[in-house]
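Q: One structure, as structure tokens, below. Some questions next.
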Amino acid sequence: ADTTIFYSRWPRARLDFSATTPKLMNKALREHEVPKDLDIVKIDIDSYDCEFLEALLEEGFRPKVITMELTSSFPPPLKFKAKMESYPLNNTRYTPLQGCSLQYAYDILRPFGYTLLQYIVEDGWFVSD
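Under full-length UniProt numbering, the residues of the sequence shown are numbered 1 to 129, in order.
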């Protein structure tokens, strides 16, 4: 309820509290006519963050800024990505074997022209070159 009240200030804001998959996320973004060049995207789902990032980029979205929660269990140069093999969430949630490592996210984003701006308290901030 607090989230709904907070976002009521912005009449164009759309809230969707349903569980989702990368494909359903892209479908919702298309249905809501979200522009491909939006200013900022925040990915923080405590599980398959890299899979959502990859789906977003594959759909052609190129936000100016991407901020996402990354697991600190695998520091660079170690790479890790939890795979969404079952839905709903499987038993890797809330364990060290969840999420996306900084190195994995960097390796996904670099070919699309993103640079790591900062990494603070498990959140990576990437900006479009």
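We treat Cβ as the ideally placed atom computed from N, Cα and C, and that holds for glycine.
Go ahead and label Lys63 buried or exposed: buried means 16 or more other beta carbons lie within 10 angstroms of its beta carbon, across all protein chains shown.
A: Locating residue 63 in the sequence shown gives position 63, counting from the first residue. Residue 63 is actually Pro in this sequence, not Lys. Burial call: buried.
Q: In chain order, what residues of the same chain have a beta carbon less than 8 Å from the beta carbon of Ala55, not counting five sequence neighbours either side?
A: Taking the first residue of the sequence shown as 1, we reach residue 55 at position 55. Taken in chain order, the residues that qualify are Pro22, Lys23, Met25 and Asn26.
Q: Enumerate in chain order the residues of its own chain whose CB-to-CB distance from Pro75 is below 6 Å, with the five nearest sequence positions on each side excluded.
A: Your numbering for residue 75 matches position 75 in the sequence shown. Once the five neighbours on either side are set aside, Pro75 has no close Cβ partner at all.
Q: Please say whether Met68 and Ala105 have beta carbons closer to each other than 8 Å?
A: Translated into positions along the sequence shown, residue 105 becomes position 105. Translated into positions along the sequence shown, residue 68 becomes position 68. Yes.
Q: Going by DSSP, name the residue or residues bridged to Leu116.
A: Here the question's residue 116 lines up with position 116 in the sequence shown. Looking at the DSSP assignment, Leu116 forms a beta bridge with Phe126.
Q: How close, in whole Å, do the beta carbons of residue 208 and Ile108 come, if the pair is a contact with beta carbons under 8 Å?
A: Missing from the structure shown is residue 208; the chain here goes from 1 to 129 and no further.
Q: Please go through the same chain and pick out, in chain order, the residues whose beta-carbon is closer than 8 Å to the beta-carbon of Ser101, but skip the five residues on each side of it.
A: To locate residue 101, count along the sequence shown from 1; it is residue 101. These residues qualify, in order along the chain: Leu70, Thr71, Ser73, Phe74, Pro75, Pro76, Leu78, Lys79, Phe80 and Lys81.
Q: How would you label Tyr114, buried or exposed, when you count the other beta carbons within 10 angstroms and need 16 or more for buried?
A: On the sequence shown, position 114 is the one that residue 114 refers to. So Tyr114 counts as buried.
Q: At the level of alpha carbons, what is the spacing between Leu53 and Val41?
A: Counted from its first residue, the sequence shown places residue 53 at position 53. Counted from its first residue, the sequence shown places residue 41 at position 41. If I take the Cα positions, the gap works out to 10 Å.
Q: Is Gln98 near the ligand MG, in the sense that its beta carbon is under 7 Å from a heavy atom of that ligand?
A: Only the bare structure without any ligand can be found here, which leaves the ligand MG out of the picture.
Q: List the DSSP bridge partners of Lys81.
A: The residue given as residue 81 occupies position 81 in the sequence shown. Lys81 pairs with Cys100.
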